[in-house]
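Participant: Below you will find the structure I want to go over with you.
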Amino acid sequence: MVAPQYQLNNQETEPKLMSIHSEVRPPSIGDVARVAGVSVPTVSRVLTGKQRVSSEKTKRVHDAIAQLGYRPNSAARALVSGRGSIVGVIAGNTSRYGYASAIQGVEEAARAAGYTVVITVVESTEEAEVQRAVDLLLGQQVAGIVVLKFDPAGVAALNALPVGIPVAVMSGTREARHSQAVFEEAKAAAAATRYLLDLGHETVHHVAIPSSRREDGRTQGWRKALKDAGARVPPVMRATWEPASAHTLGLAIANREDITALFCGNDDLAIGLISGLATQGKVVPRDFSVVGFDDHPLARFWLPPLTTVSQDFVRLGHDAFSLLEQKIAGTAANKLERRLPELIIRQTAAAPRTGAHGRVEPHSSGAIAGI
1 MVAPQYQLNN
11 QETEPKLMSI
21 HSEVRPPSIG
31 DVARVAGVSV
41 PTVSRVLTGK
51 QRVSSEKTKR
61 VHDAIAQLGY
71 RPNSAARALV
81 SGRGSIVGVI
91 AGNTSRYGYA
101 SAIQGVEEAA
111 RAAGYTVVIT
121 VVESTEEAEV
131 QRAVDLLLGQ
141 QVAGIVVLKF
151 DPAGVAALNA
161 LPVGIPVAVM
171 SGTREARHSQ
181 AVFEEAKAAA
191 AATRYLLDLG
201 HETVHHVAIP
211 SSRREDGRTQ
221 GWRKALKDAG
231 ARVPPVMRAT
241 WEPASAHTLG
251 LAIANREDIT
261 ALFCGNDDLA
271 IGLISGLATQ
281 GKVVPRDFSV
291 VGFDDHPLAR
301 FWLPPLTTVS
311 QDFVRLGHDA
321 FSLLEQKIAG
331 TAANKLERRL
341 PELIIRQTAA
351 APRTGAHGRV
361 EPHSSGAIAG
371 I
């Protein structure tokens, strides 16, 4: 009795299982070829971009992909392209807002294209540490690498990568040897500085983030805006990445009469600075005007809400992966993608405090339009 019952159940359920399987089977490269009226190798050539295919056939393949909702199989793509289905990200940090959001953008775009993302952190600029991080990433047989050139560690990692592997760079100075996605930080910093000058401040002090060079784009833009306005250029105030360093700075400058406005290299430093000033009994913006940079998600909820420069790091991550994907396909020359940040005016900047030295004739308006 057992055997016939087993066979009967098998006979009854197997067709149903096969039917269900056939309904949910994802479209294959063969399906794309059939709908497009081309061969499977032609579809593969369109997907990899390694060999030329006529524009008419390419369009038919892309139309078929869209019609079927086809997603390239990672293993098949690796066999065709000779590269893996993994892309790497190398960065000096993954927890800070800008870093985390940029990596999120890379991961979103890569996942949509059928890639897996692996992330390696370079913990210092020491040669052994940089080489360890690079070797760890290359050991994954990555198809290409996105480098976050946000800091000295990112610069060191970029310089340690071997020639020949597809690379896209995020931020930093222009890299003629690589495709790169950047923010126009100098223009944004200049606009933020002009905004403070327009409020009547005699000059603007700058709290700088660590940089791989003497002056990053934010510092350059701040300096240029002051010079263009004929304002005094005070010494740069250096801070670490930690808000505590700006808090300490706030404690130190709270009673300085020559400081009325400060432009900070990021929002973490701006919030740390405001906290330090508050500890000394100072109120922003009554006593000091403070402007940040990045537009951290908490910036608008800070009391008072922080005036800052908004940078869409997720979109920049999308841009970087798009550039990398073109390099992987071998079809793109080195490109530069630029994004313009936006000045977000909230409640931490105002006219100079009573009795402070303000500008007799405020610089003409147009700070926001300058971005």
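First residue of the sequence shown: 1, per UniProt numbering; consecutive thereafter.
We put the CB at the ideal spot given by N, CA and C, even for glycine.
Here the structure is a predicted model, which is why all the values come from computation and not from measurement.
(1) According to DSSP, is residue 339 part of a helix, a strand, or is it coil?
(2) Is the separation between the beta-carbon of residue 117 and that of residue 90 shorter than 9 Å?
(3) Per DSSP, residue 63 is paired with what?
(4) In the DSSP assignment, the alpha helix (DSSP H) including residue 103 goes from what residue to what residue?
(5) Going by C-alpha to C-alpha distance, which of 219, 240 and 210 sits closest to residue 204?
(6) Let me check understanding here. Comparing Cα to Cα, which of 147, 273 and 282 lies closest to residue 102?
(7) With distances taken between CB atoms, is the gap from residue 184 to residue 340 smaller than 9 Å?
(8) So, are the CB atoms of residue 46 and residue 62 less than 9 Å apart?
(9) Kindly indicate which three-state DSSP category residue 154 falls into: helix, strand or coil?
(10) Which term fits residue 235, buried or exposed, when burial requires 16 or more other beta carbons within 10 angstroms of its beta carbon?
(11) With a Cβ-Cβ cutoff of 9 Å, do residue 201 and residue 352 count as a contact?
(12) Terminal residues of the continuous beta strand (DSSP E) containing residue 206?
(13) Just tell me which of 57, 192, 336 and 291 has its CA closest to the CA of residue 270.
(14) I think residue 250 touches residue 275, with their Cβ atoms under 8 Å apart; what is that distance to the nearest whole Å?
(15) With a Cβ-Cβ cutoff of 9 Å, do residue 110 and residue 87 count as a contact?
(16) So, at 8 Å on beta carbons, what are the nonlocal neighbours of residue 94 in its own chain, with the 5 sequence-adjacent residues on each side left out?
(17) Could you give the C-beta distance for residue 237 and residue 207, rounded to a whole number, given that I count them as a contact under 8 Å?
(18) Assuming residue 165 is part of the alpha helix (DSSP H), what are its boundary residues?
(19) Let me check understanding here. Comparing Cα to Cα, which of 229, 334 and 69 lies closest to residue 26?
(20) Just checking my contact of residue 294 with residue 308 at CB under 8 Å: how many whole Å lie between their CB atoms?
(21) Which runs of the beta strand (DSSP E) fall wholly inside the segment 209–276 and span at least 3 residues, in chain order?
(22) Grab me the residues of residue 225's own chain with a C-beta within less than 6 Å of its C-beta, minus the 5 sequence neighbours each way, in chain order.
(23) Taking 9 Å as the cut-off, decide whether the C-beta atoms of residue 231 and residue 197 are in contact.
(24) Run through the DSSP bridge pairs and tell me what residue 88 is partnered with.
(25) What did DSSP end up calling residue 124 once you bin it into helix, strand or coil?
(26) Of the choices 296, 354, 134 and 324, whose alpha-carbon is the least far from that of residue 258?
(27) Do residue 133 and residue 324 have their C-beta atoms within less than 9 Å of each other?
(28) Which residues bound the beta strand (DSSP E) around residue 181?
(29) Going by beta carbon distance, what residues of the same chain come within less than 8 Å of residue 176, once the five residues before and after it are set aside?
(30) Identify whether residue 283 lies in helix, strand or coil by the three-state DSSP scheme.
(31) Report buried or exposed for residue 149, applying the criterion of at least 16 other Cβ atoms within 10 angstroms of its Cβ.
(32) What three-state label does DSSP hand residue 296 in the structure shown?
(33) For residue 265 versus residue 299, is the C-beta spacing smaller than 9 Å?
(34) Determine the extent of the alpha helix (DSSP H) in which residue 374 is found, giving its start and end residues.
(35) By the 10 Å Cβ neighbour count, where 16 or more other Cβ atoms means buried, how is residue 348 classified, buried or exposed?
(36) Can the beta-carbon of residue 272 be found less than 9 Å from the beta-carbon of residue 243?
Facilitator: So, from the listed chains and residues:
(1) strand
(2) no
(3) As far as DSSP is concerned, residue 63 takes part in no beta bridge.
(4) 97–112
(5) That would be 219, whose Cα lies nearest to the Cα of residue 204.
(6) 147
(7) yes
(8) yes
(9) helix
(10) Using a 10 angstroms sphere on the CB of residue 235, the tally of other CB atoms stays under 16, which defines it as exposed.
(11) yes
(12) 205–208 is the span of the beta strand (DSSP E), which, as asked, contains residue 206.
(13) 291
(14) 7 Å
(15) yes
(16) 100, 103, 119 and 121
(17) 5 Å
(18) Unbroken run through residue 165: none, as it is neither H nor E.
(19) 69
(20) 7 Å
(21) 261–264
(22) Short of 6 Å from the beta carbon of residue 225, and not among the five residues preceding or following it, lie these beta carbons of its own chain, in chain order: 190, 193 and 194.
(23) yes
(24) 118 and 145
(25) coil
(26) 354
(27) no
(28) 179–183
(29) 334
(30) coil
(31) buried
(32) coil
(33) no
(34) Residue 374 lies beyond the stretch modelled for the chain, which goes from 1 to 371, so this question has no answer here.
(35) buried
(36) yes
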